[in-house]
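First the structure, in the form of structure tokens, and then the observations on it.
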Amino acid sequence: MKKEENPVYARNTLEFVTVALEYCSFVERAAELELYEFVDKSTKILPLLYLKAALLPRVEPDEIYEPELHVTEDMYESVRKGIAGLLEEKDSYLDTFHPDMQYSETPIAAFISENLADVYQDVGNFVALFREGNEVVMRESIALCYRNFCEYWGQQLLNALKALHCLRYMDEELRENDDR
531 MKKEENPVYA RNTLEFVTVA LEYCSFVERA AELELYEFVD KSTKILPLLY
581 LKAALLPRVE PDEIYEPELH VTEDMYESVR KGIAGLLEEK DSYLDTFHPD
631 MQYSETPIAA FISENLADVY QDVGNFVALF REGNEVVMRE SIALCYRNFC
681 EYWGQQLLNA LKALHCLRYM DEELRENDDR
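Below, the structure written as structure tokens:
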């Protein structure tokens, strides 16, 4: 396969890799940021990550290949706790897209920190697999990441983005920090 035809080297793949790496670095250091800085950057990087994931080339996965996942439970928890600690009481929101919502008479609480950690888990695994530099592994990481985006983490990202948008533009405390 020629390099220009290989989805591993496609422009959309390389742009997704760049944004995915930036997202992972960002959420890994979330606990070090100020609340406004975190919310503001989140509302900018999440739509970009969503767009770049939606533009990934379609790659047929090898049903036999089972990639080694790199994001551990400890890494996931570190990201989740860092974000939860930063957001504190602003972490929770009412989830209207939860699958159990149709059977519930009461609202279902969700957490921005869990949503973003879920995104981190899949995107972090993608980045780690892609860094291996093995074209077979890289192709599989594209297929896996896109499938998981469609089936799970894309919705998690959008749920978090909706809650973060509300915080960024409607929360009085955060609006006071807006220097524009």
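Residues 531 to 710 in the working numbering are what the sequence shown lists, from first letter to last. Each residue gets a CB set at the ideal place from its N, CA and C atoms; glycine is no exception.
Is it right to say residue i is buried, meaning 16 or more other beta carbons lie within 10 angstroms of its own, or is it exposed?
i: Ala673; result: buried
i: Ile594; result: exposed
i: Ile638; result: exposed
i: Asn664; result: exposed
i: Asp708; result: exposed
i: Val666; result: exposed
i: Asp604; result: exposed
i: Leu616; result: buried
Look at the Cβ atom of residue i, then the Cβ atom of residue j, and state whether they are nearer than 8 Å.
i: Ala583; j: Phe660; result: no
i: Val649; j: Gln686; result: yes
i: Leu704; j: Leu697; result: yes
i: Ala561; j: Leu579; result: no
i: Val589; j: Glu558; result: no
i: Asn542; j: Leu599; result: no
i: Leu691; j: Thr573; result: yes
i: Ala647; j: Tyr606; result: yes
i: Asn655; j: Val569; result: no
To the nearest whole angstrom, what separates the beta carbons of residue i and residue j, a pair I think is in contact under 8 Å?
i: Pro587; j: Ala540; result: 5 Å
i: Ser643; j: Pro597; result: Not really, about 26 Å apart at Cβ, beyond 8 Å.
For residue i, which option in the options has the closest C-alpha, if you only look at C-alpha atoms?
i: Asn689; options: Tyr566, Leu624, Leu585; result: Leu624
i: Glu552; options: Asp604, Leu576, Asp621; result: Leu576
i: Met668; options: Val557, Asp592, Cys554; result: Asp592
i: Glu564; options: Ser622, Ile613, Val538; result: Ile613
i: Met700; options: Lys620, Asn645, Gly684, Phe641; result: Lys620
i: Glu618; options: Thr626, Gln651, Glu662, Tyr566; result: Tyr566
* Residue ranges of each alpha helix (DSSP H) run of no fewer than 4 residues wholly in the region 581-620, ordered along the chain? -> 603-617
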